[in-house]
Structure formats: structure tokens, C-alpha cells
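Participant: Reading the sequence shown from the start, the letters are residues 1 to 434 in the working numbering. Every residue gets a Cβ at the ideal spot worked out from N, C-alpha and C, and that includes glycine. This one's a predicted model, so the numbers in the text were calculated from it and none came from an experiment. Below are the C-alpha cells for one structure; questions will follow.
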Amino acid sequence: MTQATQRVLTGITTTGTPHLGNYVGAIRPAIAASRAPNTESFFFLADYHALIKCDDPARVERSRMEIAAIWLAAGLDPAKVTIYRQSDVPEVTELNWLITCVTAKGLMNRAHAYKAATDINEAAGVDIDHGITMGLFCYPVLMAADILMFNAHKVPVGKDQVQHIEMARDIAQRFNHLYGAGKELFVLPEAIVDEDVPLLPGLDGRKMSKSYDNVIPLFNGGAKGLKEAVARIVTDSRLPGEPKDPDSNSLIAIFNAFATPEQTAAFRAELVGGLGWGEAKQKLLAAIEAEIGPMRAEYDALMADPARIEAAMQVGAARARAIAQPLLQELRAAVGLRSFRAPVAAKTVESAKAALPVFKQYREADGRFYFKLTAADGRVLLQSEGFEQGKDAGQWVGKLKREGAAALAGAPVTLTDSATQDEVATALAAFAEA
Ligand code: TRP
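In C-alpha cells form, the structure reads like this:
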């Protein structure tokens, strides 16, 4: 038996420009994971999420284009993976509302990002919701919509996002319970936190982060920018020929991210043997450049021709919507938003002349699934027992419809007082004929 395809979905908020640390820690592993067998990958630019954090349109615009170009240049193939902008898939925001209506406000009150903001306000002695938008408060719901819209099984994220995935699970479960009638409308997603990918240290040895101003750029600034950044890596003042402590700065850790373990061991030995820091930086630069250089050329070509990036995004949006639209239709129907032409509604219009008996399936407060057969005049003829599984109720309905009165003998149903055997047999026969 072949393993079922797993859907893996990754989103990135488009407010900044990824640096080398983001490449090593998130972009590269995600692209590698997308090449795994039995995997269907979804990569999207969370540009609606960007609006929560950033009200500078120029920055959002630049960031989403840069990130799209980075993904393409780093090797994502839009023909194999689905890569799209969140804002190109309006189904996501529609789903956002459907699930907002089943999400407990209390659940959102507990979201880390919101709590952190209210804690700061509390400490400052201002209203706890000071400066907090509904966007921030509802951030996890939109994120759940991103994930549930594509029924993703796995969501690779950083530790700070795990709570959001758990919230998406909660929301999915609640929606399934309320509206699924025994069917799993949504897959329950799982967070994947990759512990093996080390954090890349920055120029000064602390975690690489824009807030520390210690980043090595990925593509921006070109080969020259990369070279200048590497030159700024902080080392001690030991001279060439003096033995070096390879762990006294970030050189080795960054080298390791672009080399085999054997190459790293050899580099380490050279440093202990007296390799000068200047030469060591040359070697580090060469190692990074070997991997990044060809990607940078493609990145520059893409950024010089934004129409090519746009075309790739359009392909992705079409693929994404082809999946999102049918699911959204099903969800709309599940919550009661159906076309007035659909059979359920049509019945009330046509019932005057051609009323028919009907089977109704439903779920009771006891959590069990039931069905009943009602006559054209609305009287209940048959009442089923409760089933643990909705599909078992469905199977009995199918059997009764196909086989008619012959199936009654073993069926877990009771005849109601107002119904006669003949009446039930006639009603069932109507289904077999139809
Ligand atoms: N919140 C994520 C972050 O800041 C980005 C994101 C938005 C996301 N929607 C998502 C990630 C859905 C995974 C799945 O990193």
C-alpha cells in the first residue's frame, strides 16, 4: 500500500526582507521538505497577516515581491508546489468568517501575542486593549483559515507559532462537531517544529536578528554586500600563525551551515593550526557564495522582471483556488448557506404538488447520529436508534432506499404509532423507483 499524501503548508508574513539566518533556518529546510515523497506542498505569502503588523504599504509591497522572488530563486518549482499570495485567495477570508463564528473569544484571549500586548499595557497602567486592533486579536483565526482551507496535515513552524496550530486544531474540531454530521470537514493539523536546524548566529555571536543589527543579508547588496558583512564578523585580535579558538565567534557555525561535517572539521583544524582570521573569512565567503551565488543571479533576474514573478503567483493562485473553492462550497452548504435552487429548498416550493417521503439524518445532543423517515404529510414513519458514527446511519439509509421493505427486518429502526407496515413499504418503494 502506498502512503497517503501529506499536505504540508508554510506561510511567511510579508513585512521584512529575509536574511541569511532565515534562509538557513526556515527557507532552505522548507524547500527541502517540499521535495520529500508523498508530499503536497503549499507555500504562501501571508500578506493579510502583514497588515496586522505594518501599515506602510510600500514596505508590504516590497517585502511580498522580495519573498516571492527568494522562494522562486531558492528552488521552489511553481509547477510542483502550490505557491501563492494569501490575498489572491478570497476563499481564505470567507472561511475566516465561518470559523470566526465558532471560535470562543476566550480562546483568543489566551493567544500569546495578544496576551503579551495586554501585559505591556497593564504594566504601563493604560487600558489593557490600548493600541490593539481586532486584526491582532483575531490573528490566530485567520491563520487557522490559512491552514484549514487546504486541509493541511503538517505545518512546519517556529516554536512561537505552535500555540496557533493548536488553536487551529481546536477550531477545526469544533466546526467538524457542529457542522460535519459525522464527516471530517477539516483535517486536524499538526505543528512540525524542526529541532535539528540550528539558529544561525549573527556577526556578533548573538542570534542573527534585525533587532540586533547583526545580520548577513541573503541577496540584498549583492556579492559585495555579502562580502562586507562577512568582513564585519567579530573576531579576536590573534594574528595569523597563532592558534585560534574556533568557537570564540560565529565563523564556524555559519561555515557549518554551508559545508559538510568533514569540511567543517578540516576548517576547525586549520584554525587551531593558526589560520589567519582574514583567510578564514575568505573561506567562509567562498562556502556561502557557492550555494547563494547562483540563486542570487536568478533572484536579480526575477526582480528585474516582476511580470515573471506575477505570472508565477497567478499560476499558484489558480491552483490554490481550484482546491479552496469546492471545499468552501461544501462548508457554505454545511452551515446552511445554500442556493435556493438546491434540492433542499426546492422541496418547500414544489411540495404542494409532488410531496415525497424523506429520510432525515441528524445528530442529537447526546452526540449520537440518528435518522428518521417522514411521510409526505410530515408524519414520522420510522425512527432509528442512535449511532456512534454518522456513516453508519448513512449506510442504513442507503440500504433502506435501495432494498426497500426487504431491509426492514434487520434494521435498527422502530415503526412509529401512526405508521402502518404498508405505508412504510410504499414510502420505501418510492426511493427504489427514483
Ligand atoms: N504567523 C506566521 C508567522 O508569523 C505566518 C503565518 C500566517 C503562517 N499564516 C500561517 C504560518 C499559516 C503557517 C501556517 O510566522
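(1) Alpha carbons only, please: which of V230, V24 and F150 is nearest the one belonging to Q6?
(2) Determine, using beta carbons only, whether I323 and L284 come nearer to each other than 8 Å.
(3) Return the bridge partner residues of V413 from the DSSP annotation.
(4) In or out: G71 buried (at least 16 other Cβ within 10 Å) or exposed?
(5) Is I12 near ligand 1 - that is, is its Cβ less than 7 Å away from at least one heavy atom of it?
(6) How would you call N96, buried or exposed, if buried means at least 16 neighbouring beta carbons within 10 angstroms?
(7) Going along the chain, which residues of its own chain have a beta-carbon closer than 7 Å to the beta-carbon of V380, five neighbours each way excluded?
(8) Among the candidates E270, R232 and R28, whose CA atom is the shortest distance from the CA of P198?
(9) Any chance the CB of L356 is under 7 Å from a heavy atom of ligand 1?
(10) Kindly identify the DSSP beta-bridge partner or partners of E190.
(11) Can you check DSSP and say which residues form a bridge with H19?
(12) With hydrogens ignored, establish whether the beta-carbon of D194 is closer than 7 Å to any heavy atom of ligand 1.
(13) Hey, would you say the C-beta of D146 is under 7 Å away from at least one heavy atom of ligand 1?
(14) Can you give me the Cβ contacts of V424 inside the same chain, cut-off strictly under 8 Å, excluding the 5 residues immediately before and after it?
(15) For N214 and L226, which I take to be in contact (beta-carbon distance under 8 Å), what is that distance rounded to the nearest angstrom?
(16) So does V92 have its beta carbon nearer than 7 Å to some heavy atom of ligand 1?
(17) Residues in its own chain within less than 6 Å of S87 by CB, not counting five upstream and five downstream?
(18) Is H442 buried or exposed, if buried means 16 or more other CB atoms sit within 10 Å of its CB?
(19) Considering Cα atoms alone, identify which of R319, A117 and R110 is closest to K53.
(20) According to the neighbour-count rule (16 or more other Cβ atoms, all chains shown, within 10 Å of its Cβ), is D377 buried or exposed?
(21) With 16 other CB atoms within 10 Å as the buried threshold, where does T134 fall?
(22) Just checking H153 against ligand 1 - is the residue's beta carbon closer than 7 Å to any of the ligand's heavy atoms?
(23) Would you kindly report the start and end of the unbroken beta strand (DSSP E) that includes Y441?
(24) Smallest Cα separation from L76: which of M108, I31, R110 and F44?
(25) Report, in whole angstroms, the separation of the C-beta atoms of G274 and P240, which I expect to be a contact under 8 Å.
(26) Can you tell me whether V157 sits near ligand 1, meaning its C-beta is under 7 Å from at least one heavy atom of the ligand?
(27) Can you name, in chain order, every residue of its own chain whose Cβ lies under 7 Å from the Cβ of T306, other than the five neighbours on each side?
(28) Could you spell out where the alpha helix (DSSP H) holding I252 opens and where it closes?
(29) Does D146 pass the burial test, meaning 16 or more other C-beta atoms within 10 Å, or should it be called exposed?
(30) Enumerate in chain order the residues of its own chain whose CB-to-CB distance from F42 is below 6 Å, with the five nearest sequence positions on each side excluded.
(31) Which residues share a DSSP beta bridge with Q361?
(32) Excluding sequence positions up to five away, which residues of its chain have a Cβ less than 8 Å from the Cβ of R268?
(33) Are N249 and T235 close, meaning C-beta to C-beta below 8 Å?
(34) Suppose the cutoff is 6 Å on Cβ atoms and the five residues either side in sequence are ignored; what does the same chain contact list for F431 look like?
(35) Considering just the uninterrupted stretch of the beta strand (DSSP E) at T10, what are its terminal residues?
Facilitator: This is what the structure holds:
(1) Ranking the options by Cα distance to Q6, first place goes to F150.
(2) Not in contact: I323 and L284 (Cβ atoms no closer than 8 Å).
(3) According to DSSP, which records beta bridges pairwise, V413 is partnered with S384.
(4) Here residue 71 turns out to be Trp, not Gly, going by the sequence shown. Buried, by the Cβ-count rule.
(5) Yes, the Cβ of I12 comes within 7 Å of a heavy atom of ligand 1.
(6) Buried.
(7) Counting only residues of its own chain and dropping the five nearest sequence neighbours on each side, V380 has a CB closer than 7 Å to the CB of K372, T374 and T416.
(8) Nearest C-alpha to P198 among E270, R232 and R28: R28.
(9) Outside the cutoff, so no.
(10) Answer is K154.
(11) When beta bridges are read from the DSSP output, H19 appears opposite P217.
(12) Every heavy atom of ligand 1 is 7 Å or more from the Cβ of D194, so no.
(13) D146: yes, Cβ under 7 Å from ligand 1.
(14) L373, L381, L382, A405, L408 and L415, listed in sequence order.
(15) Actually they do not touch by this definition, with Cβ atoms about 15 Å apart.
(16) No, Cβ of V92 sits at least 7 Å from all heavy atoms of ligand 1.
(17) Counting only Cβ-Cβ distances below 6 Å, and skipping sequence neighbours, we find D47 and Y48.
(18) With the chain covering only 1 through 434, there is no way to say anything about residue 442.
(19) Proximity to K53 across R319, A117 and R110 peaks at A117, based on C-alpha coordinates.
(20) Exposed, since its Cβ has fewer than 16 Cβ neighbours within 10 Å.
(21) The amino acid at residue 134 is misidentified as Thr; the sequence shows Met. M134 should be labelled exposed.
(22) Not so, every heavy atom of ligand 1 lies at least 7 Å from the Cβ.
(23) Summary: the structure shown does not reach residue 441, with the chain confined to residues 1 through 434, and so no result is reported for it.
(24) With respect to the C-alpha of L76, the residue from M108, I31, R110 and F44 having the closest C-alpha is I31.
(25) Your pair G274 and P240 checks out as a contact, with CB atoms roughly 7 Å apart and the cut at 8 Å.
(26) For ligand 1, a non-hydrogen atom lies closer than 7 Å to the CB of V157.
(27) According to the sequence displayed, residue 306 carries Pro and not Thr. M65.
(28) Unbroken alpha helix (DSSP H) run through I252: L251 to N256.
(29) D146 is buried by the Cβ-count criterion.
(30) Once the five neighbours on either side are set aside, the close Cβ partners of F42 are L9, T82 and F150.
(31) DSSP lists F371 as partners of Q361.
(32) Annotation for R268: P246 and I252 place their beta carbon closer than 8 Å to its own, counting only its chain and skipping 5 residues before and after.
(33) Going by C-beta atoms, N249 is nearer than 8 Å to T235.
(34) Only K401 meet the Cβ criterion.
(35) Judged by DSSP secondary structure, T10 falls within the beta strand (DSSP E) whose first and last residues are Q6 to T13.
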